[in-house]
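Chemist:
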Amino acid sequence: MRTVYLDNNATTMVSREVLDEMLPFFHDRYGNPSSMHSFGGQVARELSQARARVASLLGVDPEEIIFTSCGTESDNTAIMSTLLVNPGKTHIVTSRVEHPAIKVLCEHLAQKGYRVTMVGVDSDGRLDMDEYEASLTPDTAIASIMWANNETGVVFPVEEAARLARERGIVFHTDAVQAVGKIPIDMKDNAIDMLSLSGHKLHAPKGVGVLYVRKGTKFSPFLIGGHQEKGRRGGTENVPGIIGLGKACELAGANMEKENTYVRNLRDLLESGLLTAIAQSRVNGVQDERLPNTTNISFEFVEGESILLLMDQFGICASSGSACTSGSLQPSHVLRAMGVPYTMAHGSIRFSLSVYNTEEDIDLVIKELPPIIEKLRVLSPYWATQQGACTTV
Amino acid sequence: MWEYTDKVREHFLNPRNAGEVENPDGVAEVGSIACGDALKLSFKLDENKRIADAKFKTFGCASAIASASALTEILKGKTIEEAMKITNQDIADYLGGLPQEKMHCSVLGQEALEKAIENYRGISHKRPEEEIVCACFGVTDGEIERAIRQNHLTSVEEVTYYTKAGGGCENCHDKIQAILDRVLAAKRSEKEPEGRPRLSNIQKIRMIEETIEREIRPSLQHDGGDIDLIDVIGNRVLVATRGACATCQASQITLKSFVEWKLKEFVSPDLVVEEVAK
């Protein structure tokens, strides 16, 4: 059975070109870039090239790139570093819809005595900018707002948010894990101080991430040890991963237009196809300001895990914001923050595409999913009576 | 991905007895769409007062659908008296087991069955003496106590897995812990002789202090941290972290995987460590 992979916001396939560039660094060119001999020194040169490629995708200086092990490490480092270098400030501003790498850390810090403001979103998933601005205080150490939401794909006005923070002398960080490689990012003319990205979301391998730290930003390392990354992140570099991420960033730059035309078109085909074929379904998240690859669709009166497992029978991979798949008993915190009714939230499915998807993939989903929803609705005690139906559709 | 048994998958993909029995003798609906799963069960008796037909409708995940399907299969041919003896564990066993986090699906089946039998007997299924403990999922103290007794639960987390209680805003965790403490104490006094000797409170606190001093504090101090014992309430050990631990992101992991583990090993397997700000 063919795998139809529509879960690229969870992780992506390592591109063939990326893998090819990585492979020599496992068995043949395994030297330590910190070594004095040329066997290691040549690897250091390759690392520099990878760093330059990443910097180029973001429009930054290579020296502003710190390689980490993942997006979560980058996010944690940004917040913890800023708190450490601003010991007098005890307030953090973030949003209600952040990835757990920020959200759970902030909840943890709240228990430790920090004050945390989580700014809300509207029913379309857009950040409440008035609430955001009002929450910035002289005691605020850092504002951390994601560039694009992983569940809905809604893109936030982070450059505007960063400007408002800078005016008040507040450090601004963005978790751009879902945005990098999907929408153009140019850090030259904005006020964002720190940015996190993760390799495995843009066709590089798992286990490598980046924290961008703008020159002049006070910084305190999270992993303390060797002099790697100019003392900003100890630990021997994940050389193959970094080489892979460099190549992946180069490819992402080259594919940016395709992402925003070809992928967007496939996503729109999928979205309109499903909404037409399946009654009482709706998209979660604003139509325009959304990543080109993501659609989050709710199917009323059915439950997401059941949908996923039935799609699995056809090799279709996606995600759900239902309680049963989140590992907790509540549906996704993002959908709850948007006020999506429970009849809809439990039946939400996120499809996230990549440049490697084809129209055939989309056709298969549009063919196979409607009977799946129908089968589950016949089983559902609510479908016949439409009890608690969502009237806003 | 959940580790479902083949039988769960098979009943999910090909549910038996989906639908509603016409002119049922007993019918009940439990759960709600807000909770994420709901089950409507109906059955009909034959002339010998045995269950001739049972059907279900379910809103929920794969294990909820499989549990309901299994329940209807188990029910067929049973008398009401036999049906009343069916427990959630019977449903889980029929399916070759359920992931622990999904046991509430089998409990939902048992609840639907109880209420459908009450409906058949014309008894109001309201239990006015029971108090709602978990407001998020509408779970009563009686339901929590029954789940603890039937399934030998020992922690709030397990209660959540089986009943969903405490899985939402978590404000009721103290109340659930109090029910656990009461039921477990009652269970211990019901069958005292077996198992390890019971500790008096003073013995327990003394052993906890000794274990912290001998096994725990030296390791934490080595990393620039420290820990203080604040109180012991039942099996809840309340501690405060000091020094590097207080600002360390990994301290929650340390508390659970190191401090609690040591206390379980050296004092009592029932202990749960909680951090308090002091």
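Here the protein sequences come in this chain order: A and B.
Sequence positions in the first sequence follow the working numbering and run 22 to 414.
Sequence positions in the second sequence follow the working numbering and run 846 to 1123.
Glycine included, C-beta positions come from ideal geometry on N, C-alpha and C.
Predicted model, so just to flag it, every value in this text is computed and none were measured.
1. Let me see if you follow: with CB-CB separation under 9 Å, is A:GLU324 close to chain B or not?
2. Compare the C-alpha of A:LEU218 against each of A:VAL231, A:ILE206 and A:MET208 and name the closest.
3. Identify whether A:LEU312 lies in helix, strand or coil by the three-state DSSP scheme.
4. Could you tell me which chain A residues have their CB closer than 9 Å to the CB of B:GLU874, listed as they occur along the chain?
5. Indicate whether A:CYS91 and A:VAL260 have their beta-carbon atoms separated by less than 9 Å.
6. Could you have a look at A:ASP335 and say whether DSSP puts it in helix, strand or coil?
7. Please compile the residues from chain A whose C-beta is within a distance smaller than 7 Å of the C-beta of B:CYS906.
8. Is A:VAL399 close to chain B? Criterion is C-beta to C-beta, closer than 9 Å.
9. At a Cβ cut of 8 Å, what residues of the segment 120-154 of chain A count as close to chain B, listed as they run along the chain?
10. Contact check, B:LYS828 vs B:ALA863 under 8 Å by CB: the rounded distance?
11. Report buried or exposed for B:CYS1014, applying the criterion of at least 16 other Cβ atoms within 10 angstroms of its Cβ.
12. Could you check which residue in A:ILE263, A:MET359, A:LEU216 and A:LEU104 has the C-alpha nearest to that of B:CYS1093?
13. When you compare only the Cα positions, how much space is there between A:LEU148 and B:LYS1009?
14. Measure the Cβ-Cβ separation of B:GLY954 and B:ALA915 and say whether it is below 9 Å.
15. At least one CB of chain B closer than 9 Å to the CB of A:THR32: is that the case?
16. Thinking C-alpha only, which one of A:SER341, A:GLY360, A:MET208 and A:PHE320 is nearest A:PRO83?
17. Is B:GLY1088 helix, strand or coil by DSSP?
18. Can you give me the Cβ contacts of A:VAL137 inside the same chain, cut-off strictly under 6 Å, excluding the 5 residues immediately before and after it?
19. Name the DSSP beta bridge partners of A:ASN317, please?
20. Would a check of beta-carbon distances place B:THR932 closer than 9 Å to chain A?
21. Starting from A:GLY274, follow the alpha helix (DSSP H) in both directions and report where the run begins and ends.
22. Going along chain A, which residues have a C-beta under 8 Å from B:ILE910?
23. Does any residue of chain B have a CB that is nearer than 9 Å to the CB of A:LEU331?
24. Which residues mark the beginning and the end of the alpha helix (DSSP H) in which A:LEU356 is found?
25. Hey, quick one: how far does the alpha helix (DSSP H) through A:THR406 stretch, first residue to last?
26. From A:LEU330, A:ASP196, A:ILE393 and A:VAL75, pick the residue whose C-alpha is nearest to that of A:ALA164; which is it?
27. Would you kindly report the start and end of the unbroken alpha helix (DSSP H) that includes B:TYR939?
28. So that I know if they touch, is there some Cβ in chain A lying closer than 9 Å to that of B:GLY942?
29. Give the DSSP-derived three-state secondary structure of B:GLU874 in the structure shown.
30. So for A:PHE193, helix, strand or coil by DSSP?
31. Use the C-beta contact count for A:SER56: other C-beta atoms within 10 angstroms, 16 or more gives buried, fewer gives exposed.
32. I'd like to know whether the C-beta of A:GLN334 is nearer than 9 Å to at least one C-beta of chain B.
33. List the residues of chain B that A:THR173 touches, going by C-beta distances under 9 Å, in chain order.
34. Given that a residue counts as buried once 16 or more other Cβ atoms are within 10 Å of its Cβ, and exposed if not, what is B:GLU892?
35. Any beta carbon of chain A sitting closer than 9 Å to that of B:ILE878?
36. Count the other C-beta atoms from every protein chain shown that fall within 10 angstroms of the C-beta of A:ALA225, then say buried if there are 16 or more, exposed otherwise.
Modeler: Short version:
1. yes
2. A:VAL231
3. Under the three-state reduction of DSSP, A:LEU312 is assigned to coil, being neither helix nor strand.
4. PRO402
5. no
6. Before going further, note that residue 335 of chain A is Phe rather than Asp in the sequence given. Three-state DSSP puts A:PHE335 in coil, outside helix and strand.
7. GLU324, GLU326, SER327 and CYS345
8. yes
9. LEU126, HIS129, GLN132, LYS133 and GLY134
10. Beyond the ends of chain B as shown, which are 846 and 1123, falls residue 828 of chain B; an answer cannot be given.
11. Result: exposed.
12. Nearest in C-alpha terms to B:CYS1093, of all of A:ILE263, A:MET359, A:LEU216 and A:LEU104, is A:LEU104.
13. 31 Å
14. The answer is yes: Cβ separation under 9 Å.
15. Contacts with chain B at 9 Å (Cβ-Cβ) do not include A:THR32.
16. A:MET208
17. strand
18. ILE113, CYS127 and ALA131
19. A:ARG371
20. no
21. 260-279
22. Within chain A, the C-beta atoms nearer than 8 Å to that of B:ILE910 come from SER327 and LEU400, in chain order.
23. yes
24. 354-358
25. Careful: A:THR406 lies outside any alpha helix (DSSP H) and carries neither H nor E.
26. A:ASP196
27. Taken as a continuous stretch (DSSP letters only), the alpha helix (DSSP H) holding B:TYR939 covers 933-939.
28. no
29. strand
30. strand
31. Counting Cβ neighbours within 10 Å, A:SER56 comes out exposed, since fewer than 16 surround it.
32. yes
33. Taking a Cβ-Cβ cut-off of 9 Å, A:THR173 has no neighbours in chain B, whose nearest Cβ is about 20 Å from it.
34. B:GLU892 should be labelled exposed.
35. yes
36. buried
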